[in-house]
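Asker: Here it is: the structure, laid out below.
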Amino acid sequence: MTDDIVLRLTDVVKTFPGVRALDGVQLEVRRGEVHCLLGQNGAGKSTLIKILSGAHTPDSGEILWLGEPVRFASPQTAMKAGIATIYQELDLVDGLSVAENMYLGHEPSSGGFVARRAMRKGAAAILARLGHPEIPVAREVGKLPAAAKQIVSMGRALSREARLLIMDEPSAVLAHDEVQNLFRIVRGLTEQGIAVIYISHRLDEIREIGDRVTVLKDGRTTAANLDAKTTPNRELVSRMTGRTIEYVFPERPPARTGSPVLLHVDGLTLPGRFADVSLKVHSGEIVGITGLVGSGRSEVLESIYGARRASAGTVEMLGKKLRKGSVNAAVRAGIGMAPEERKSQALLLGEPIYRNVTLAGFTRFARGGFTDAGRERAAAEEVTRGLDLRPADVRRPVRTLSGGNQQKVVVGRWLLGGTKLLLLDEPTRGVDVGARAELYQVIRRLADEGVGVLLVSSEVPEVLGLADRVLVMREGRVVREAPAGELDEDTVLDLVMAGSLLESITPEGTAV
Ligand SMILES: Nc1ncnc2c1ncn2[C@@H]1O[C@H](COP(=O)(O)OP(=O)(O)OP(=O)(O)O)[C@@H](O)[C@H]1O
Ligand SMILES: [Mg+2]
Numbered sequence: 001m002t003d004d005i006v007l008r009l010t011d012v013v014k015t016f017p018g019v020r021a022l023d024g025v026q027l028e029v030r031r032g033e034v035h036c037l038l039g040q041n042g043a044g045k046s047t048l049i050k051i052l053s054g055a056h057t058p059d060s061g062e063i064l065w066l067g068e069p070v071r072f073a074s075p076q077t078a079m080k081a082g083i084a085t086i087y088q089e090l091d092l093v094d095g096l097s098v099a100e101n102m103y104l105g106h107e108p109s110s111g112g113f114v115a116r117r118a119m120r121k122g123a124a125a126i127l128a129r130l131g132h133p134e135i136p137v138a139r140e141v142g143k144l145p146a147a148a149k150q151i152v153s154m155g156r157a158l159s160r161e162a163r164l165l166i167m168d169e170p171s172a173v174l175a176h177d178e179v180q181n182l183f184r185i186v187r188g189l190t191e192q193g194i195a196v197i198y199i200s201h202r203l204d205e206i207r208e209i210g211d212r213v214t215v216l217k218d219g220r221t222t223a224a225n226l227d228a229k230t231t232p233n234r235e236l237v238s239r240m241t242g243r244t245i246e247y248v249f250p251e252r253p254p255a256r257t258g259s260p261v262l263l264h265v266d267g268l269t270l271p272g273r274f275a276d277v278s279l280k281v282h283s284g285e286i287v288g289i290t291g292l293v294g295s296g297r298s299e300v301l302e303s304i305y306g307a308r309r310a311s312a313g314t315v316e317m318l319g320k321k322l323r324k325g326s327v328n329a330a331v332r333a334g335i336g337m338a339p340e341e342r343k344s345q346a347l348l349l350g351e352p353i354y355r356n357v358t359l360a361g362f363t364r365f366a367r368g369g370f371t372d373a374g375r376e377r378a379a380a381e382e383v384t385r386g387l388d389l390r391p392a393d394v395r396r397p398v399r400t401l402s403g404g405n406q407q408k409v410v411v412g413r414w415l416l417g418g419t420k421l422l423l424l425d426e427p428t429r430g431v432d433v434g435a436r437a438e439l440y441q442v443i444r445r446l447a448d449e450g451v452g453v454l455l456v457s458s459e460v461p462e463v464l465g466l467a468d469r470v471l472v473m474r475e476g477r478v479v480r481e482a483p484a485g486e487l488d489e490d491t492v493l494d495l496v497m498a499g500s501l502l503e504s505i506t507p508e509g510t511a512v
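Residue 160 in full-length UniProt numbering sits at position 160 of the sequence shown, with consecutive numbering throughout.
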């Protein structure tokens, strides 16, 4: 083994009750490289990094870290050894400040007291190094947008001397320019000799930032140390899935004339978030909204759904005005929503998959005061089969599913029927390339059945490929509306680029 190799895993196995999550994994990481882990949802990527970060212990196998065999008993020991991890589900403490989060567990002290001033200064210096000096170190983390939270999480890793930084789908919460900033940071770290393990479902990112790629499938290494720049997509995808998949969007039907307007939003305004948003969604139509994180896209969806109360403007479903700020009214009018933050907003993590899927149409499965569990399960099974959920056993608690599979459950809930208008916020976040195509088909099929879909995505090709009509938002306003066929990626990026995340975290957000 050369001195350059900082980490080597041999035959690592990890089982959970009923699941062999890792079934003999090999991995080798060099000093100063970006090593990408690729694999379908449920392949074992997050489990592998949880073993490296001390969150799980392996059943068997060998881990050599800096030439020594190790087994980390806790995240603290891994951190002390120089391995820092940014998880797929961010694990910051919402109630603590930015600085407190960054120094949690190793607060600088003086004379037995936490040296607050030193801590804040240190935090500010790290944020500046990360290119985000505008994030206020005293602000409660829970009040920051998702992209800023991630920067804080990265800052926490840097507040210790890390020699290996592990990132589990960091780009899933970032918009285009934020991803570029992340890559700049990563390059700075690797130049200092720090090794990075990078997980992403986006192949273009792996090409841009990665040096080598290891592919996992069903808990095994199916290819190791491929060249990240030159290995063809075809090969990566077939190593991941065992088949070749074309990354295609379902065919767009010809524009229907005369289908009824389902949703009519007029002059909707939420101070500090967005202003004067007007749009229509027809039955059978997919309308996409794109723009940067912080441009107000998600808030528009949440206001239509009644989860936020707009200060001005109206929302009409089939000609009937909806009561403002009432989710109940929206649901009764046939509106369903798959939100962006699945963990906090959408899923009952301890409950089985079928319960989570049938939640929206729950009353349909009630009989004389009891729920008909058999029927409930059968209905859920049908839905999840269409989404290629793994493992396919609907009795498993959602907590035990991989990130991408949890996302499928959130979307699956609205496929049971009864929804007239579906609001989808980043529906394919964390979903692998194979399952994505299936999800697109499912969404288009719903539209073909007459459902209207309003979709938010920061992936511009996804909006252009899937939607019939596209709205581009910048700093809380719609700056362009056009049929998807009339826009291309460059035009959209030019339109959105004038704004940025930074403006959305000015004090109490009065920017708009
Ligand atoms: N705590 C747990 N209990 C039971 N099973 C689990 C647990 N954690 C993970 N699993 C299972 O282990 C397998 C691997 O999951 P893992 O989260 O590592 O996948 P992943 O490659 O990160 O997928 P994704 O791309 O969707 O994030 C899956 O079948 C998952 O359901
Ligand atoms: Mg994962």
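Glycine included, C-beta positions come from ideal geometry on N, C-alpha and C.
Per DSSP, which residues does residue 140 bridge with? Please list them.
Answerer: DSSP output for residue 140 lists 97 as bridge partner(s).
Asker: Bridge partners for residue 227 per DSSP, in chain order?
Answerer: DSSP output for residue 227 lists 212 as bridge partner(s).
Asker: Step through the CB atoms of chain B and report whether any lies within less than 7 Å of the CB of residue 385.
Answerer: Among the chains of the structure shown, chain B does not appear; only one protein chain is present.
Asker: Helix, strand or coil, according to DSSP, for residue 459 in the structure here?
Answerer: Residue 459 falls in the coil class under three-state DSSP.
Asker: Express the C-alpha separation of residue 282 and residue 257 in angstroms, rounding to a whole number.
Answerer: Straight-line Cα distance between these residues: approximately 10 Å.
Asker: Who are the near neighbours of residue 189 in its chain, counting only those whose CB is closer than 7 Å to its CB and skipping five residues on each side?
Answerer: Around residue 189: 165 and 196.
Asker: Would you list the one or two residues that DSSP bridges to residue 435?
Answerer: Answer is none; residue 435 lacks a bridge partner.
Asker: Take residue 359 and list the residues in its own chain whose beta-carbon comes closer than 8 Å to its own, dropping the five residues that flank it on each side.
Answerer: Excluding sequence neighbours, residue 359 sits near 348 and 413.
Asker: Can you tell me the Cβ-Cβ gap for residue 34 and residue 98, rounded? I've got them flagged as a contact below 8 Å.
Answerer: Not quite, the Cβ-Cβ distance comes to about 26 Å (not below 8 Å), so this is no contact.
Asker: Nearer than 6 Å: is that true of the beta carbon of residue 450 relative to any heavy atom of ligand 2?
Answerer: For ligand 2, not one heavy atom lies less than 6 Å from the Cβ of residue 450.
Asker: Going straight from the alpha carbon of residue 78 to that of residue 69, what length do you get?
Answerer: Computed Cα separation, rounded: 13 Å.
Asker: Buried or exposed for residue 328, please, with buried defined as at least 16 other CB atoms from any protein chain shown within 10 angstroms of its CB.
Answerer: The residue is exposed, with fewer than 16 neighbouring Cβ atoms inside 10 Å.
Asker: Mind checking which residues open and close the beta strand (DSSP E) that includes residue 314?
Answerer: 312–317 is the span of the beta strand (DSSP E), which, as asked, contains residue 314.
Asker: Among all the DSSP beta bridges, which residues are the ones paired with residue 288?
Answerer: DSSP output for residue 288 lists 455 and 470 as bridge partner(s).
Asker: Of all the options 477, 422 and 12, which has the alpha carbon lying nearest to the alpha carbon of residue 23?
Answerer: Closest by alpha carbon: 12.
Asker: Can you give me the start and stop residues for the beta strand (DSSP E) that residue 483 sits inside?
Answerer: Its beta strand (DSSP E) spans residues 477–483.
Asker: For residue 183, which of helix, strand or coil comes out of DSSP?
Answerer: Helix, per DSSP.
Asker: Would you say the beta carbon of residue 214 is closer than 6 Å to some non-hydrogen atom of ligand 1?
Answerer: Residue 214 Cβ: outside cutoff for every heavy atom of ligand 1.
Asker: In the DSSP assignment, what residue or residues form a beta bridge with residue 282?
Answerer: Paired residue(s): 261.
Asker: Pick out whichever of 202, 106, 322 and 356 has its Cα sitting closest to the Cα of residue 80.
Answerer: Checking every option, the nearest Cα to that of residue 80 belongs to 106.
Asker: Do the stretch 166–176 and the stretch 125–142 meet, that is, are 3 or more Cβ pairs less than 8 Å apart?
Answerer: Cβ pair count under 8 Å is below three, so no.
Asker: Quick one, which of 26, 130, 103 and 302 has its alpha-carbon nearest residue 117's?
Answerer: Ranking 26, 130, 103 and 302 by Cα distance to residue 117 puts 103 first.
Asker: Could you tell me the alpha carbon to alpha carbon distance between residue 455 and residue 423, rounded to whole angstroms?
Answerer: For residue 455 and residue 423, the distance between alpha carbons rounds to 6 Å.
Asker: Buried or exposed: which applies to residue 514, given that a residue is buried once 16 or more other Cβ atoms fall within 10 Å of its Cβ?
Answerer: No answer is possible for residue 514: the residues shown for the chain start at 1 and end at 512.
Asker: Measuring only the C-alpha atoms, how far is residue 135 from residue 383?
Answerer: Approximately 42 Å between the Cα atoms of the pair.
Asker: Which of helix, strand or coil does DSSP assign to residue 158?
Answerer: It is helical.
Asker: With respect to 6 Å, is the separation between the Cβ of residue 295 and the closest non-hydrogen atom of ligand 2 below this value?
Answerer: Incorrect: residue 295 has no Cβ contact closer than 6 Å to ligand 2.
Asker: Return the chain-ordered list of same chain residues with a C-beta closer than 8 Å to the C-beta of residue 161, the five sequence neighbours on each side being excluded.
Answerer: Within the same chain, residue 161 has close Cβ partners 82.
Asker: Does DSSP classify residue 47 as helix, strand or coil?
Answerer: Three-state DSSP puts residue 47 in a helix.
Asker: Please tell me whether residue 476 and residue 273 are closer than 7 Å, where the distance is taken between their beta carbons.
Answerer: Cβ distance < 7 Å, so residue 476 and residue 273 count as in contact.
Asker: Give a single yes or no on whether residue 32 has its beta carbon closer than 6 Å to a heavy atom of ligand 2.
Answerer: It does not: the Cβ of residue 32 is nowhere closer than 6 Å to a heavy atom of ligand 2.
Asker: Between the beta-carbon of residue 231 and the beta-carbon of residue 224, is there less than 7 Å?
Answerer: Cβ atoms of residue 231 and residue 224: not closer than 7 Å.
Asker: Taking 7 Å as the cut-off, decide whether the C-beta atoms of residue 193 and residue 31 are in contact.
Answerer: Yes.
Asker: Should residue 47 be counted as a contact of ligand 1 given a C-beta to heavy atom distance under 6 Å?
Answerer: Result yes, Cβ under 6 Å from ligand 1.
Asker: Any idea if residue 248 is buried or exposed, counting beta-carbon neighbours within 10 angstroms, 16 or more meaning buried?
Answerer: With fewer than 16 Cβ atoms within 10 Å of its Cβ, residue 248 is classed as exposed.
Asker: Cα separation between residue 269 and residue 303?
Answerer: Those two C-alpha atoms are separated by around 9 Å.
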